[in-house]
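Below: one structure, written as structure tokens.
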Amino acid sequence: MLVFDHVSKCFGDLRAVDDLSFELEAGEVFGLLGPNGAGKTTAINMAVGLLEPDEGVVRFADEAFDRDPRDAENRRSLGLAPQSIALYEQISGADNLRFFGRLHGLRGSDLEERVAACLDFADLVDVGKKVVSKYSGGMQRRLNLAVAIIHDPELVLLDEPTVGVDPQSRNAIFERVEQLRDGGKQVVYTTHYMEEAQRLCDRVAILDRGRLMALDTVPALITAHGGPGNLVVRTGDGESRHETTDPLATLAELQARQAVDHFQYLPPDLETVFLNLTGRALRD
Amino acid sequence: MNKIVAMAAKDIHILFRDKLGFFFTIFFPLMMAIFFGAMFAGLSRGPASIPIALVDADRTAGSARFVGRLEAAGGLAIERIPSDQALEQVRRGQTAVLVTLRPGFGAALDNPFVATPEVEMSVDPTQFAAAGMVRGVLLEAAGAELQAFMSDPSRMSVTNEQNRRLIEEFSPPSEARDDLLNVLDQIPRIPVLIDEAGLGSVTTGATGGFGPPLEIEQTQVQAQRRGPTNSYATSFAQAMLWTLIGGSVSFSMSIAIERSRGTLMRLLVAPITARQLLAAKGLACLGATLFTSSALITLGITVFDVTPTSYPLLALALLCGSICFCGIMMVLSVIGRTEQAAAGVGWGIALPFTMLGGGMVPLFLMPEWMQTLGNISPMKWTLMAYEGAIWRGFTLSEMLLPCAVLVAIGVLAFSIGATRLRWDTG
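Listed in order, the protein sequences are those of chains A and B. My numbering applies: residue 1 is where the first sequence begins, and numbers increase by one. My numbering applies: residue 285 is where the second sequence begins, and numbers increase by one.
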């Protein structure tokens, strides 16, 4: 339903997004993977109507409708968790949810049901009445995500939702994203961590300097752009690394020549995909 | 040492990169220097004339001579108008002081041995500094008049003759009467005796052995009222103005906070229009400033015996003041994009406007061009509206001008701020 059709956006001389095209499929978690400055947040801001493309079109469309991102009806069907924690720290978590719920038209028992469901989703039921400033960073992150779904949107946009959180909280967020997918939501997930994209996303768009380098499922991307894996073996002569597309055959061949004390196979991943596509590491 | 220089250079570089910080570092002090320089330049030439109304209830040659002396002294812009009209002008804040020369003024001026000339000063309670200066000018003129009398034996002789006839006519023969007549005989010789005693150069004090050359009765001009009034009536009007200033600065910061914390983005993504968002901000600011200023005047009324002359007009003034400052809030919020910047801009703008509006430095101390410029200060009009409802006793028609100006400023400022905010946020 979310469609980017040859979209470009410039800030002065900087072309933040350059001819980006993709189309979301029903019920998928769609990843925008790229290093800082790749154009992920700019793309998200255009998707929610905060920025207007200089070229191309962003629209929400299917057989029944074709809407501009700024359309009020459209905004009811999407939820955004911005990269920075966007909450009112002086009021409680529950009151944050209530406030944003009211903005989306929820009232009375419907509102209270959604508040309770979102507190449960974020595992914040026990601290729902506490002011947000008393929350830990991980709790604030989870609430930031819960606020995005208070109105039960069809599409949830998560802009780098794990930035600055500890591994435990990160896992908690992964579980929430998986919950959303299992609940039939469409999710757009931006990240510069390839493990996150690999774990969570059905399809991944790899962005670099505003350009779309590749778009496919994770296995397809690895197959197409990952190249061979690496077999690391330790023998009496020491450790050696061997590129291979068939690790078992390579291992058998090496063992025939010399006894292998220890081996490890490192398959290609999105990091190698990005390296092969751009000539740079994802973390650069 | 290199590290220290590097760190200092970095801070200076950052300062000059921050346009608003640069403004407050260089241009704001420059503006203040120009502001005070222009004001003090005016002072070195003597302050601008203080507008006073003068009523000569005596209408004698003596009182006319005194008025001529006042006009020649400079420093006062004297308007001769009927008493009731002059009082109205003082009440409305258009004139600082009404000076009334009471009946008998001229006779007392010409016969200082018998009576002291009396003047009544009806003063705008917010213009005590100006009243003090007017009092000084009056005393100086009266002193000069007395000195002229004492330096003129012929005038003293005439006065002596009048006094002698009075004494002889009304006082029965007695030793005291004879002593008094002897003293009268000596009075015309006083200047000669002073010279003979070699005191000519040190007895320039006009009053010599007499009391004050002028008796001044000072009253505050306020609207006629049933209940009591007191100095809190003026101080609460000023406090309510500061409440509005503080409220608008705080609210402008709240928008900056929304922006920096990211919640503004959430609001803009919600299914609400920019117009609804702005209306909500304006409504919150209006409600908060109305509440705080109403709470303040309620405290004044209940605890400090402040008795507004008109509650409906007070409500109107409160509403218009709040509308004005909500508009100002919107402009401040788009100029200052961070909390610190919003606060800096808020107070940086509020203080000069408060000064221009007469909230810190009496207007008469400023050059005329600056007084004229003060008409653009919303603080001036807010104070006028508040005072008009609390103690100046404005009528509805008198209240219309300040209220209309306040609403116009508010609407204009809100439109500018709202347009800019929408433009900023796409």
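Glycine is no exception: its CB is placed at the ideal position from the N, C-alpha and C atoms. Model, not experiment: these values are computed from the prediction.
- In this structure, A572(B) sits near G531(B), with a CB-CB distance shorter than 9 Å.
- Rounded to whole angstroms, Q411(B) and S544(B) show a C-alpha spacing of 44 Å.
- Neighbours of R704(B) in chain A, taken as residues whose beta carbon is under 9 Å from its own, are absent, since the nearest beta carbon is some 17 Å off.
- By the 16-neighbour rule on beta-carbons within 10 angstroms, T272(A) is buried.
- In the three-state reduction of the DSSP assignment, C10(A) falls in the strand class, which pools E and B.
- For V147(A), the closest Cβ of chain B is nearer than 9 Å.
- If only uninterrupted beta strand (DSSP E) runs of at least 3 residues are considered, those enclosed by the stretch 57 to 118 of chain A are 78 to 81.
- Residues are counted here when their Cβ sits less than 9 Å from a Cβ of chain A; for the stretch 402 to 420 of chain B the count is zero.
- As the crow flies, the alpha-carbon of Q369(B) is around 21 Å from that of E402(B).
- M549(B) and F11(A) have their alpha carbons spaced roughly 19 Å apart.
- In this chain, the beta strand (DSSP E) harbouring S240(A) covers 238 to 244.
- Close to R550(B), with beta-carbon spacing below 8 Å, are these residues of chain A in chain order: L80, P82, A86, F100, V147.
- The stretch 557 to 617 of chain B is shown to contain no whole beta strand (DSSP E) run of 3 or more residues.
- Contact annotation, G39(A) with P69(A): C-beta distance approximately 17 Å; criterion of less than 8 Å not satisfied.
- By the neighbour-count criterion, in which a residue is buried when 16 or more other Cβ atoms sit within 10 angstroms of its Cβ, G390(B) is buried.
- With respect to the C-alpha of V127(A), the residue from A43(A), L97(A), P267(A) having the closest C-alpha is L97(A).
- Contact annotation: in the stretch 530 to 546 of chain B, residues whose CB is within less than 7 Å of a CB in chain A are R545, G546.
- N144(A) sits in a helix when the DSSP states are folded into three classes.
- Annotation: the continuous beta strand (DSSP E) that includes N230(A) extends over 229 to 235.
- Using a Cβ distance threshold of 9 Å, G672(B) and L597(B) count as a contacting pair.
- At a cut-off of 9 Å between C-beta atoms, A688(B) does not count as an interface residue with respect to chain A.
- Classified as exposed, V467(B) has fewer than 16 neighbouring CB atoms from the shown chains inside 10 Å of its CB.
- For M639(B), the enclosing alpha helix (DSSP H) starts and ends at 623 to 640.
- Contact annotation: Y670(B) and L602(B) have beta-carbon atoms nearer than 9 Å.
- Taking CB atoms only, A554(B) has a neighbour in chain A less than 9 Å away.
- From the listed residues V476(B), G566(B), L385(B), the smallest Cα separation to A702(B) is found for G566(B).
- According to DSSP, residue pairing for Y670(B) in a beta bridge does not occur.
- Here F22(A) carries a strand assignment [DSSP, helix/strand/coil].
- With contacts defined as CB atoms closer than 9 Å, R353(B) and A428(B) qualify as a contacting pair.
- Across the structure, V398(B) and A392(B) are spaced so that their CA atoms are roughly 7 Å apart.
- Taking the C-beta atoms as reference points, L215(A) is found no nearer than 9 Å to K185(A).
- Under the three-state reduction of DSSP output, F678(B) falls in the coil class, being neither helix nor strand.
- Beta bridge pairing from DSSP links T217(A) with R203(A).
- Nearest neighbour of V147(A) by Cα position, chosen from Q168(A), L106(A), P167(A), N171(A), turns out to be L106(A).
- Closest in alpha carbon position to F121(A), among V165(A), A172(A), V131(A), is A172(A).
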